[in-house]
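Remarks on the structure that follows.
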Amino acid sequence: MLGGGRRGEEGKTPITAFKCGGRNACAPSVRKNPIQAARKLLRAASKHDFGERVRKGRTAACGGEMARGWCYRVEAAVLSLAGLIGLVFLLHRDDAPSSRGSREAKEPFASASPLTMEAPRPTTAECRENSTVANLTGFAELPGHIQDFLRYKHCRDFPLLLDVPEKCGDPQSSHLVFLLLAIKSSPGNYERREVIRKTWGQERTVAGVHIRRVFLSGVAANAREARKLNGLLAMEAAEHRDILQWGFQDSFFNLTLKQSLFHAWLDARCPGVRFVLNGDDDVFAHTDNMVHYLLGVPGAGDRHLFVGHLISHVGPIREKWSKYYVPELVTASKSYPPYCGGGGLLMSGFTSRAIYQASLDLELFPIDDVYLGMCLQKAGLAPAAHGGIRMVGVRVPSSTLDSFDPCYYKELLLVHRFVPYEMLLMWRAVHQQGLVCGKKLEVYQSP
906 MLGGGRRGEE GKTPITAFKC GGRNACAPSV RKNPIQAARK LLRAASKHDF
956 GERVRKGRTA ACGGEMARGW CYRVEAAVLS LAGLIGLVFL LHRDDAPSSR
1006 GSREAKEPFA SASPLTMEAP RPTTAECREN STVANLTGFA ELPGHIQDFL
1056 RYKHCRDFPL LLDVPEKCGD PQSSHLVFLL LAIKSSPGNY ERREVIRKTW
1106 GQERTVAGVH IRRVFLSGVA ANAREARKLN GLLAMEAAEH RDILQWGFQD
1156 SFFNLTLKQS LFHAWLDARC PGVRFVLNGD DDVFAHTDNM VHYLLGVPGA
1206 GDRHLFVGHL ISHVGPIREK WSKYYVPELV TASKSYPPYC GGGGLLMSGF
1256 TSRAIYQASL DLELFPIDDV YLGMCLQKAG LAPAAHGGIR MVGVRVPSST
1306 LDSFDPCYYK ELLLVHRFVP YEMLLMWRAV HQQGLVCGKK LEVYQSP
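With our numbering, the residue at position 226 of the sequence shown is 1131, and numbering never jumps.
Here it is as structure tokens:
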């Protein structure tokens, strides 16, 4: 977001390279079996009754005292060697990844994408870089992450590694989902996801309507970390059924790709959803207030709604030091269309579908919230401001007052930015039965 005070989630650092093909993470090499010969030896020993041969040989050859002593020592050595080989074989089997365990983990969710701790492998054709952009004047002077964006911005189809096809029921009954919480979260942000599940992201019924939740994630840039974090996400998916993970590198400049893929998923899996909260995993959302506000919106999701922290009359930042630096090779325009800060915004199902249709033939842009503004402009729609969505925190009348006082948050819809323990404290505070505040904030205005 530009000018709105949004700081990126952990993992939203600019990418430095796209290796192993496009935005996909690298898959680890397969370990070869180091004791294949030992296995063959054991099978041969079993097949030819190794123990019986030793017993008969000892009887035939160990006639005298000296020969018998030598023979016993040879026998003991041979048996020890066989036992050692067998022990190594068993230890190797325990150390190797268990294919049986992997099958057992997959069985409960046979209809969903496989849950695996391996680094993801693409299931679609690998997208090739556009090498011709290197011939553009000034390309060599651009930061690496912007060069990579230009090389791969045409890559938009990535495998869905973890899916929740049943999240909204079947597509025909998805209109029963009143509010879908779509939360962008980098793979390593486990604590944020856990606290959100226990607080404002609970899947529940409020005022007779249903709230559902999904986290949107990619793959860690580091292949070794990706293996571990993919395992973490798979465990979360098995327990909570709330993870959508695609096989692209999770980075700041790929947030637009994440947004685009989510809208495609929404169109296929949850086309009838009434409203969507589109936000980051470092915001505090008062979902009770959101439901009551949205219940008063005309059309029940069938009309245009796109509200948040409105930003207008701004353009690309041309300073290379900025996280939001966008050179003229990306866009020559000096201004952006109006948009809402991507840290948190509300949209109707109608508007979400309009954004998806507009995005189908609109080039990706590296700043995700600006890209949503571009899609709205193309669809002939406009974003609007909502006073209950605060991207720069709350303002208190005096520096002597505590800005963490729950009375400042009790009537709001969403505030950026919170760390996990603050989410937990504030969620409990605003739901205190005896909470009394001196002034009620009027934030339930019509869009």
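Think of the CB as a built atom: it goes at the ideal place given N, C-alpha and C, for glycine as much as any other residue.
Collapsing the DSSP output to three states places residue 1104 in coil. For residue 1043, the CB contacts under 7 Å within the same chain, skipping 5 residues up- and downstream, are 1234 in chain order. Taken through DSSP and simplified to helix, strand or coil, residue 1230 comes out as strand. For residue 1185, the enclosing beta strand (DSSP E) stretches over residues 1180 to 1185. With three or more CB-CB distances shorter than 8 Å, the stretch 1114 to 1123 counts as touching the stretch 1078 to 1094. Taking each of 1062, 1317 and 1280 in turn and checking the Cα distance to residue 1298, the smallest one comes out for 1317. Contact check between the stretch 1066 to 1075 and the stretch 1172 to 1184: three or more CB pairs, one atom from each, fall below 8 Å, which counts as touching.
Of the residues assessed, residue 1045 falls on the exposed side of the cut-off, its CB having fewer than 16 other CB atoms within 10 angstroms. Excluding sequence positions up to five before and after residue 1165, its CB lies within less than 6 Å of the CB of 1264, all in the same chain and listed in chain order. Under the DSSP assignment, residue 1133 falls in the alpha helix (DSSP H) whose first and last residues are 1128 to 1145. Distance from the CA of residue 1343 to the CA of residue 1229, rounded to the nearest whole angstrom, comes to 40 Å.
Here the alpha carbons of residue 1171 and residue 1152 stand approximately 17 Å from one another. Under DSSP, residue 1089 shares a beta bridge with 1121 and 1185. Listed in chain order, the beta strand (DSSP E) elements of length 3 or more contained wholly in the stretch 1296 to 1331 are 1319 to 1321. Residue 1215 sits in a strand when the DSSP states are folded into three classes.
Beta-bridge partners assigned by DSSP to residue 1253: 1180. Counting only runs that start and end inside the stretch 1049 to 1087, the alpha helix (DSSP H) elements of at least 4 residues fall at 1049 to 1057. Only residues of its own chain outside the window of five on either side were considered, and among them 1238, 1239, 1240 and 1241 have a CB closer than 8 Å to the CB of residue 1220, listed in chain order. Residue burial is scored here from C-beta neighbours: residue 1106 has at least 16 other C-beta atoms within 10 angstroms and is therefore classed as buried.
Around the beta-carbon of residue 1091, 16 or more other beta-carbon atoms lie within 10 Å, marking it buried. As the crow flies, the alpha-carbon of residue 1268 is around 7 Å from that of residue 1059.
Check the Cα spacing between residue 1319 and each of 1207, 1184 and 1274: the tightest is with 1184. Under the DSSP assignment, residue 1160 falls in the alpha helix (DSSP H) whose first and last residues are 1160 to 1174. Nearest Cα to residue 1249 within the set 1182, 1063, 1057 and 1115: 1182. The Cβ atoms of residue 1096 and residue 1302 do not sit closer than 8 Å to each other. Between the stretch 1102 to 1116 and the stretch 1130 to 1138, the count of C-beta pairs closer than 8 Å stays below three; the two stretches do not touch.
Distances from the alpha-carbon of residue 1211 to those of 1232, 1277 and 1079 put 1277 closest.
It is roughly 44 Å from the alpha-carbon of residue 1065 to the alpha-carbon of residue 1340. With fewer than 16 other Cβ atoms from the protein chains shown falling within 10 Å of its own Cβ, residue 1037 counts as exposed. In this structure, DSSP gives residue 1272 a state outside helix and strand, which the three-state scheme calls coil. Residue burial annotation: residue 1191 is buried, with at least 16 other C-beta atoms found within 10 angstroms of its C-beta.
Here residue 1206 is buried, its C-beta having at least 16 other C-beta atoms within 10 Å.
Within a 10 Å sphere around the beta-carbon of residue 1337 sit fewer than 16 other beta-carbons, which makes this residue exposed.
Apart from the 5 residues on each side of it in sequence, residue 1225 sits with its Cβ closer than 7 Å to the Cβ of 1048 in its chain, given in chain order.
Beta-bridge partners assigned by DSSP to residue 1110: 1115. Taking each of 1295, 1330 and 1204 in turn and checking the Cα distance to residue 1310, the smallest one comes out for 1330.
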